[in-house]
């Protein structure tokens, strides 16, 4: 069987089935969350890695090298945030076509350094090599947390509210613009493109949630709400209901949806790469959590739904009807 | 300037110059050794990463997926060995062309798992993604050691003997065979090809050296003796003299050199990917160290030269003449 018939998530399941028997007793969480969790002498260590491939994750003609470097670090910091952790170190592997301009690489490393500095992460080095054709970047971030702080995907409880830290669908609309499939006035287009090219890691917000005792599960929205909330539900053996009317959708995404003749809700639940933090939290603690996050970082916390018994993710329309949300998120291996 | 004009090592220097100012106080060693070294609550943590790109580091038509998986883990374990450390965890990122056969990936993961199990390393997961054209693998290995055990490249002292754990040039001769540029009877060809495709990490030997107090510096021979010993000399502000007559060169490499009409010594000092461990050690401790390694693993320890004052690496011929050894090792970015 070819990989594009099997699909990415089935492949990950296949790896995961082969792997657990070989894990040491110090491994609290291997495959299946935003980062691996291993025992360390004081607390736990978090380790995450993300690979970015030219033509799959980015297009060099619409992304500046500085943006690419910054995003490569950010998506890994976002994984540490989604575990409630504090990042400390990063390693970078890069494979570069030999005719690449050195100035482009300098800018890429500047972009990485900028994000690393902002979050007090040390760039420890890594590996540099040639690539015959495509630029390939791999970043590893090491972080830590107290064991009781770690926010696993598997922690969601029935009755939890489902919270997100920002508007949804922006990055996907931005990608449509970058691919030349959507044209909007620049006042609307620019923030969407920036959402795609310059995501933010919600580290401070995640830490507040992690130490609050109120948050039970977390994931970062890399594949899209329907897909990522689905991961949380499967890992926690619960279901979720998302209220269409409560989804934070920017005016620019609404304009994009109109132009694309699609439902803005489908952009919001199916669009990937927003890198918002999704939390599930005890309902009676949400107000206090929102207040603490608001006063620390000014970041909003939108309540978009609830965790219920059952399985799968459902979308509740304003008329009360419910439909199942299939994981429309990104599968890297599926043939289109 | 294009990257292939600048060269790999100049590019690494360039990254290193930009990076140190951003390192936290916990970083004992960032860029510039086989692995990064960071303070951990008990001892130090070692982190290393290596990226393998199809067409640069391996050819899929002459490497089995199992061999590729095993080698991807091995080259990282070899970096941990070269710091005197104990590996514990590994993460794997893989970018796969969508039409790849799933059986090929299963075999690749089996190869990784086999080496990981043998050395009690836990595979924690990683990242899976599509690649438009070339298979790309990135492995990270985390290890640990006591701070005083770590074998830095910078530890070589004048008077030290230069020791290697196996014959040299075999992997390079094997590559010539794989590329169809060399033809030898299979009794000679097979071990050379295996040396290229199935290297071994010298973890047990490195640990004995690390705790012996006799070994002062270490590096693994990935680029070739002249290049890698050059790294040790630069990092330690010393020079080295290699005795041509003392280089361990297998009969198969001698046969390969004859067929290729090259000096076998040039294959031994310039050939990459042998992944032998190179140590520098106090001369009066070498015998005891050799004995301990011999009795534990049966591995030989060849004395190939000495550390002297000055800079650079020189080759001393049996007639006493010396010539400078240029770093003929592999530079990934240089135009041929």
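Protein chains in written order, with the numbering used here: chain A, -1 to 334; chain B, -1 to 334.
Just so it is clear, CB atoms sit at the ideal spot from N, CA and C, and this is done for glycine as well.
Quick caveat: nothing in here was measured; it's all calculated off a predicted structure.
First and last residue of the beta strand (DSSP E) that includes residue 57(B)? Here residue 57(B) is taken as the residue at index 59 of the second chain, counted from 1. Neither: residue 57(B) is in no beta strand (DSSP E) and is coded neither H nor E.
Taking residue 273(B) as the reference, give the member of 116(B), 36(B), 113(B) and 163(B) with the closest Cα. In the second chain, counting from the first residue as 1, residue 273(B) sits at position 275. With distances taken between Cα atoms, residue 273(B) lies closest to 163(B).
Hey, is residue 79(B)'s beta-carbon within less than 8 Å of any beta-carbon in chain A? The residue given as residue 79(B) occupies position 81 in the second chain. No, residue 79(B) lies away from the interface with chain A (no Cβ there is under 8 Å from its Cβ).
For the 8 Å Cβ check, are there 3 or more pairs between the region 170 to 188 of chain A and the region 120 to 130 of chain A? no
For the beta strand (DSSP E) that residue 217(B) lies in, which residues bound it at each end? Translated into the one-based positions of the second chain, residue 217(B) becomes position 219. Looking at the DSSP string, the run of the beta strand (DSSP E) that includes residue 217(B) is 213 to 218.
Near-chain A residues of the region 274 to 287 of chain B (beta-carbon distance less than 8 Å), N- to C-terminal order: none
Selected residue, minimal CA-CA separation from residue 57(A), among 7(A), 203(A) and 195(A): Position 59 of the first chain, counted from the start, is the residue given in the question as residue 57(A). Cα-wise, what sits closest to residue 57(A) is 195(A).
Contacts that residue 40(B) makes with chain A (C-beta to C-beta distance below 7 Å): Residue 40(B) sits at position 42 when you count from the first residue of the second chain. Within 7 Å Cβ-Cβ: 39.
Residues of the region 126 to 149 of chain B with Cβ closer than 8 Å to any Cβ of chain A, in chain order: 126, 127, 128, 129, 130, 131, 132, 134, 136, 138 and 140
Where the region 2 to 14 of chain A meets chain B: residues whose CB sits under 7 Å from a CB there: 2, 4, 6, 9, 10 and 13
Could you spell out where the alpha helix (DSSP H) holding residue 266(A) opens and where it closes? Taking the first chain and counting its residues from 1, the one referred to as residue 266(A) is at position 268. Where residue 266(A) is concerned, the enclosing alpha helix (DSSP H) stretches over 262 to 268.
In the DSSP assignment, the alpha helix (DSSP H) including residue 208(B) goes from what residue to what residue? Your numbering for residue 208(B) matches position 210 in the second chain. 201 to 210 is the extent of the alpha helix (DSSP H) around residue 208(B).
Can you confirm whether residue 107(B), when its beta carbon is compared against all beta carbons of chain A, has any partner nearer than 8 Å? Numbered from 1 along the second chain, position 109 holds the residue referred to as residue 107(B). For residue 107(B), the answer is yes, since a Cβ of chain A falls inside 8 Å of its Cβ.
Cα separation between residue 63(A) and residue 185(A)? Counting from one through the first chain, the residue named residue 63(A) turns up at place 65. Counting from one through the first chain, the residue named residue 185(A) turns up at place 187. Spanning the two alpha carbons is a distance of roughly 24 Å.
Quick check: the Cα distance between residue 263(A) and residue 92(A), rounded to an integer number of angstroms? What you label residue 263(A) is simply residue 265 of the first chain in a count that begins at 1. What you label residue 92(A) is simply residue 94 of the first chain in a count that begins at 1. Looking at the two C-alpha atoms, the distance is approximately 37 Å.
Taking the Cβ atom as the reference point for each residue, do residue 287(A) and residue 239(A) lie within a distance shorter than 8 Å? Taking the first residue of the first chain as 1, we reach residue 287(A) at position 289. Taking the first residue of the first chain as 1, we reach residue 239(A) at position 241. Taking 8 Å as the Cβ cut-off, residue 287(A) and residue 239(A) do not qualify as a contacting pair.
Three-way DSSP call (helix, strand, coil) for residue 155(B) in this model: In the second chain, counting from the first residue as 1, residue 155(B) sits at position 157. Residue 155(B) falls in the coil class under three-state DSSP.
Check whether chain A comes within 8 Å of residue 62(B), counting only Cβ atoms and requiring the distance to be less than that. As a working note, residue 62(B) is residue 64 in the second chain. No - not a single Cβ of chain A is within 8 Å of the one on residue 62(B).
Determine which residues of the region 82 to 97 of chain A have a Cβ less than 9 Å from any Cβ of chain B, and write them out in chain order. 86, 87, 89, 90, 91, 92, 93, 94, 95, 96 and 97
Here's a check: name, in chain order, each residue in its chain whose Cβ is nearer than 8 Å to the Cβ of residue 226(A), leaving out the five neighbours to either side. Indexing the first chain from 1 puts residue 226(A) at position 228. Excluding positions up to five away in sequence, the list reads 217, 218, 219, 220, 276 and 327.
What did DSSP end up calling residue 230(B) once you bin it into helix, strand or coil? As a position in the second chain, residue 230(B) is number 232, starting the count at 1. Three-state DSSP puts residue 230(B) in a helix.
Just checking my contact of residue 37(A) with residue 82(A) at CB under 8 Å: how many whole Å lie between their CB atoms? As a position in the first chain, residue 37(A) is number 39, starting the count at 1. As a position in the first chain, residue 82(A) is number 84, starting the count at 1. Incorrect: roughly 16 Å between the Cβ atoms, too far for contact.
Partner residues on chain A for residue 185(B), Cβ-Cβ distance less than 8 Å: If you number the second chain from 1, residue 185(B) lands on position 187. Ordered by position in chain A, no residue passes the 8 Å Cβ test against residue 185(B), which lies about 34 Å from the chain.
DSSP state of residue 166(A) mapped onto helix, strand, coil: For this step, residue 166(A) is matched to residue 168 along the first chain. If DSSP states are grouped into helix, strand and coil, residue 166(A) belongs with coil.
Under 8 Å by Cβ, that's how I've got residue 68(A) and residue 112(A) pegged, so tell me the actual separation to the nearest angstrom. Translated into the one-based positions of the first chain, residue 68(A) becomes position 70. Translated into the one-based positions of the first chain, residue 112(A) becomes position 114. Yes, they are in contact, since the Cβ atoms of residue 68(A) and residue 112(A) sit about 6 Å apart, within 8 Å.
Taking only the alpha-carbon atoms, compute the straight-line gap between residue 109(A) and residue 290(B) and give it to the nearest angstrom. As a working mapping, residue 109(A) is identified with position 111 in the first chain. As a working mapping, residue 290(B) is identified with position 292 in the second chain. Cα to Cα, residue 109(A) sits roughly 49 Å from residue 290(B).
Residue range of the alpha helix (DSSP H) that residue 80(B) falls in? Position 82 of the second chain, counted from the start, is the residue given in the question as residue 80(B). Element bounds for residue 80(B): n/a, residue is neither H nor E.
Leaving out five residues on either side along the sequence, give the residues of the same chain with a beta carbon under 6 Å from the beta carbon of residue 128(B). The sequence position of residue 128(B) within the second chain is 130, counting from 1. Excluding sequence neighbours, residue 128(B) sits near 96.
Beta carbon of residue 165(A), beta carbon of residue 230(A): below 8 Å? Stepping through the first chain from its first residue, residue 165(A) is reached at position 167. Stepping through the first chain from its first residue, residue 230(A) is reached at position 232. In this structure, residue 230(A) does not lie closer than 8 Å to residue 165(A) by Cβ.
Quick one: does residue 47(B) have its CB under 8 Å from some CB of chain A? Residue numbering aside, residue 47(B) sits at position 49 when the second chain is read from its first letter. Yes - at least one Cβ of chain A is within 8 Å of the one on residue 47(B).
Within 8 Å (strictly less), CB to CB, does residue 99(A) reach chain B? On the first chain, residue 99(A) is found 101 positions in, with the first residue counted as 1. Answer yes: the Cβ-Cβ gap between residue 99(A) and chain B drops below 8 Å somewhere.
Let me know the secondary structure DSSP gives residue 47(B) once reduced to three states. In the second chain, residue 47(B) corresponds to position 49, counting from 1. Strand, per DSSP.
Run through chain A and tell me which residues come within less than 9 Å of residue 68(B), C-beta to C-beta. As a working note, residue 68(B) is residue 70 in the second chain. Result: empty, since nearest Cβ-Cβ is about 14 Å, beyond 9 Å.
Are any of the Cβ atoms in chain B nearer than 8 Å to that of residue 325(A)? Along the first chain, one-based indexing puts residue 325(A) at 327. Cβ-Cβ to chain B under 8 Å: no for residue 325(A).
Confirm, please, whether the CB-CB distance from residue 141(A) to residue 209(A) is below 8 Å. Counting from one through the first chain, the residue named residue 209(A) turns up at place 211. Counting from one through the first chain, the residue named residue 141(A) turns up at place 143. Contact flag unset, no.
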